[in-house]
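Numbering (mature numbering (1 follows the signal peptide of the UniProt record, and there is no 0)), first residue to last: -28 to -1, 1 to 1120. Glycine is no exception: its CB is placed at the ideal position from the N, C-alpha and C atoms. Everything numeric in this text was worked out from a predicted model, so none of it was measured.
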């Protein structure tokens, strides 16, 4: 006995070793030829010149197997039975000639079967009988001449059947009657096919009885005269009106109706009703079969057959299997007595088959005898022990043995040991059940429902039952990259993505015994541990294999591409581009060459091919690394070539619909048809997410009801005047479409700019802070628009400032670069969005400065606080100055006072606008924003005009006798000071549709060009005039030595006062010109302090410090006191007079 046991163990070990070596070799052989994906469980073995079905146990891990386009002539039943795990099988485009019964008997999970384009001429009856899960069956392009009524019965899940192009000449009645879920039958391109009235009657009955629409495609030829169709005329299969006389069901149907395996001729029943069927019920009890024949209606029989589908497939004790048929005594052969019935399938005497791991045989008396075979399995029970668990390992063994004794199999339980916090036990099982999954399920159910385990405080979530051996999780490194290998079953290869290809690692079983048995009870021995697999060294040889990628791209480039093979070419191209992250410059060049080769075919293929396939290839290619793109640009101008491809695709795509759009993570585009007579403008929106994008087109330049939603997007809007007013007659005739496109980033443009490449090592001061958005009319240059194009950009990086609207300038004779010509900012929401307006069509973006230090942000906040505080104080001081000078007649009658008050009024309003208008709540509306900017512009110019008038007043006082001109001077000065700024502001508003006023950073102000032209130029001129006047006055005073000393002194005081005023109102603005380089921060603070406190300085100098003003104020106060005292004295005298008069009256 001991010797036999040792012999059995050695035999099992040898079998396991051979099996592991076979699976490793099989994987190396099969997956070296096929494209295997263990994650998706697919194996693509197309075009491998296979002449027979591949045999490999490794294929058991796959659910989809593609064997199309090989040279397979015959199907080996033994090999195809090993494909029982498949859900999808493709053997199209091979050389099969016949389909025999039993080919697909074990493929019970199959859902899709493709046998098209072979040379199949015969299909044996019942060839598909056991495919109860089959939903799609493709037999297109074969040589079937007749479709009998016994080829497709009992395909209870089939919904789609393709028999097109199969040379079918005849279809028997009832051929499709027993397909209860069929929704489409394709019979097209079968010339001279005769099909009678069975199909139209079936379509009509299916619709009425089951409320299901059955689509049958194809043309039939009338076998007899039908309706107004003569014999031989073609007619539509679905025309039931010509077959109203036909019935699907045989009236007065006779069925065999006895029980048992043998019936006499008298056990026949005539089935009543309009839709009779013969039903045969085969049941099994204690391995004894019982066959019962009876009559049913079609609907009852079909529903019963569908309901017993699963039990018929499992064929366990106590289950039933039902079969329906039509035709007199069609079920008689089930009661022949010389044949066996298994799952409603007839077996010949002596025919053998496997059932639940047993070998079964059909006897002469019609009985089936099965001989069970023992199956040995090993499971590992793992219990995670917690701190409160006190159950000993021996107690757990006893509980397991008690629960397993309830099952009718032989078990042996062993304790292996403690591994970390896990108790490990081994369960050896000898079972008559061959399905290891079923055995595992029953064992796990016994443990999971065990009351003993629950009483011992062993929860369900702390138990595991492992039915395989594994390689444990492992981590390896290669070239700085980490690879985390998952838990993998022994014999199963593991693959991980690795740069240009994949890394592979084999997990075989341990092939050598452990040299020393562990003595520690905390260490389970290898025979007990479920992790007996030993990882082999990872195979990283294919990681950098771009040579294979290059060969594939060269092969695609050498192909003759036409509109018929372009889908296959693009599909293979797309598969190669999945590795674009690891491309080198050679692969980028080859990929662009192939795209350039595909471009001429874009107008000839459906738009979907371009949108879904070619555009996807462009997107994948853009995933290549930037430094590789840079090398490719220098080698062969790759970036300019790919940009031309991206520009050409939407211009060439056939446009049958009103518009088409496509969006990918790296780029997107939209194309819209246009009609010059009905064109009302157009808007395209763009939104990029983390791994996706969205592009839409709205047929209007004004979003209207979409205005709130559109703010969430980047968008570009074209005015309706672009076609009506801007193009010539010839151009309008040629303008049939408008193209919009976008890119996630500016990488391709950045690499085209040679200056950007040269400075790439240093930290950039500016960057594109938006997606790239473009619009164009193919083959038409659109410039100098009267009504601008509007582009809205959502900022990508909030840590930027100084936005500039730019376009890509490729003018001849200079390097391509971003330019601001013709583009202005219309609206700026800091950190969120910028609205641009441009007078031409091209590629647009947003160029912004990058904050180098966080100190800049803090300085801005401090300067803003100083400005607001200074303007508030100045406003109060200016109001006091105005009140003082206007209320005192002695001050107001002087011409100087009138000029000063006018200046104070303009400065006070300027400060008020700055305080109230330069706040976030005041600039949300674009209308209010422009109004605030225009008013601030106007009153700043007015202030400088009054400063200039003060300089003129000073000059006239020094040079000529001015008293004769004083009466008309103030009137003319007022017209000039208030009128000229108004003219400048109105002109600024009228140019560029008020878009010269916009949001800049966080304030409403002038855009760049108008700032220089409409503000800086006049201000600079006034400052220059004031400086010249000051120098001239100073020189004249120095030369006044022959004048009366008193007059000289008076004029000196007057000049010094004007000089002081000029310094306060004008010269402090010169500080702004020194705010550059390292001294910028200091001068910015000086500028903010001196200019915001101008009103305060005016009050101090002209209300407090100036002696003339103090004297007049003092005299005014003294006069007021005298008047008040006199008023009190008069009041007192009046009171005494009234008192004396009253006394006299009383005495009288």
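Residue i CB to nearest heavy atom of the ligand NAD below 8 Å
{"i": "residue 1001", "result": "Although the ligand NAD was asked about, the structure shown includes no ligands whatsoever."}
Exposure of residue i, with buried meaning 16 or more beta-carbon neighbours within 10 Å
{"i": "residue 730", "result": "With a pLDDT of only 39 at residue 730, under the threshold of 50, the placement of this residue in the model should not be trusted, and no figure is reported."}
{"i": "residue 38", "result": "buried"}
{"i": "residue 698", "result": "buried"}
{"i": "residue 206", "result": "exposed"}
{"i": "residue 1018", "result": "Low per-residue confidence applies at residue 1018: pLDDT is 45, beneath 50, and the placement is therefore not dependable enough to give any value."}
{"i": "residue 145", "result": "buried"}
{"i": "residue 173", "result": "buried"}
{"i": "residue 265", "result": "buried"}
{"i": "residue 405", "result": "buried"}
{"i": "residue 248", "result": "buried"}
{"i": "residue 705", "result": "exposed"}
{"i": "residue 722", "result": "buried"}
{"i": "residue 477", "result": "buried"}
Start and end residues, alpha helix (DSSP H) containing residue i
{"i": "residue 115", "result": "Taken as a continuous stretch (DSSP letters only), residue 115 belongs to no alpha helix (DSSP H), as it is neither H nor E."}
{"i": "residue 373", "result": "365 to 376"}
{"i": "residue 588", "result": "587 to 593"}
{"i": "residue 568", "result": "557 to 570"}
{"i": "residue 414", "result": "408 to 420"}
{"i": "residue 543", "result": "538 to 549"}
{"i": "residue 388", "result": "From DSSP, residue 388 is part of no alpha helix (DSSP H) but of the beta strand (DSSP E) over 382 to 391."}
{"i": "residue 719", "result": "719 to 724"}
Among the options, the one whose alpha carbon lies nearest that of residue i
{"i": "residue 110", "options": "1004, 589, 134 and 538", "result": "134"}
{"i": "residue 656", "options": "650, 644 and 649", "result": "644"}
{"i": "residue 832", "options": "447, 1060 and 683", "result": "1060"}
{"i": "residue 873", "options": "792, 1067, 688 and 884", "result": "1067"}
{"i": "residue 189", "options": "608, 171, 178 and 181", "result": "171"}
{"i": "residue 555", "options": "570, 600 and 412", "result": "600"}
{"i": "residue 380", "options": "387, 401 and 390", "result": "401"}
{"i": "residue 2", "options": "465, 671, 41 and 1076", "result": "465"}
{"i": "residue 923", "options": "994, 1064, 291 and 786", "result": "994"}
{"i": "residue 941", "options": "866, 980 and 350", "result": "866"}
{"i": "residue 443", "options": "480, 23 and 5", "result": "480"}
{"i": "residue 440", "options": "501, 756, 423 and 695", "result": "501"}
{"i": "residue 23", "options": "41, 139 and 176", "result": "41"}
One or two residues paired with residue i in a DSSP bridge
{"i": "residue 84", "result": "60 and 108"}
{"i": "residue 456", "result": "447"}
{"i": "residue 598", "result": "Bridge partners of residue 598: none, in fact."}
{"i": "residue 261", "result": "256"}
{"i": "residue 790", "result": "780"}
{"i": "residue 640", "result": "635 and 714"}
{"i": "residue 666", "result": "659"}
{"i": "residue 402", "result": "348 and 382"}
Limits of the beta strand (DSSP E) - the one that residue i falls within
{"i": "residue 251", "result": "248 to 257"}
{"i": "residue 874", "result": "It is not in any beta strand (DSSP E) - residue 874 instead sits in the alpha helix (DSSP H) that spans 867 to 889."}
{"i": "residue 765", "result": "761 to 766"}
{"i": "residue 739", "result": "738 to 740"}
Residue i at chain B interface by Cβ criterion, 9 Å
{"i": "residue 80", "result": "Annotation note: the requested chain B is absent from the structure, which comprises a single protein chain."}
TODO: Please determine if the segment 838 to 852 and the segment 769 to 777 are in contact, where contact requires at least 3 C-beta pairs separated by less than 8 Å.
DONE: As far as the Cβ criterion goes, the segment 838 to 852 does not touch the segment 769 to 777, which means the pair count is below three.
TODO: Check whether the segment 97 to 110 touches the segment 73 to 87, taking contact to mean three or more Cβ pairs, one atom from each stretch, closer than 8 Å.
DONE: yes
Task: contact_flag[the segment 218 to 236, the segment 179 to 193] where n(CB pairs < 8 Å) is 3 or more - done: no
Open item on the list: Using 8 Å as the cut-off, can you tell me whether the segment 367 to 378 makes contact with the segment 421 to 432, which would need three or more C-beta pairs spanning the two stretches below that distance?
Closed with: yes
Open item on the list: Check whether the segment 809 to 821 and the segment 984 to 997 touch, using three or more Cβ-Cβ pairs below 8 Å as the test.
Closed with: These segments do not touch.
Open item on the list: For the structure I just gave you, are there three or more beta carbon pairs, one from the segment 870 to 890 and one from the segment 958 to 966, closer than 8 Å?
Closed with: no
- [ ] Check whether the segment 583 to 597 touches the segment 629 to 641, taking contact to mean three or more Cβ pairs, one atom from each stretch, closer than 8 Å.
- [x] Using a Cβ-Cβ distance cut-off of 8 Å, the segment 583 to 597 and the segment 629 to 641 are in contact, since at least three pairs of beta carbons, one from each stretch, lie closer than that value.
TODO: Taking 8 Å as the threshold, find out whether the segment 389 to 409 comes into contact with the segment 448 to 465 through three or more Cβ pairs.
DONE: no
TODO: For the segment 1094 to 1104 and the segment 875 to 882, state whether three or more C-beta atom pairs, one from each stretch, are separated by less than 8 Å.
DONE: As far as the Cβ criterion goes, the segment 1094 to 1104 does not touch the segment 875 to 882, which means the pair count is below three.
- [ ] Could you tell me whether the segment 510 to 528 touches the segment 575 to 585, where touching means 3 or more Cβ pairs closer than 8 Å?
- [x] Taking one beta carbon from each stretch, the segment 510 to 528 and the segment 575 to 585 have fewer than 3 pairs nearer than 8 Å; the two do not touch.
Task: Meets three-Cβ-pair contact criterion under 8 Å: the segment 609 to 623 and the segment 657 to 668 - done: The segment 609 to 623 vs the segment 657 to 668: no contact.
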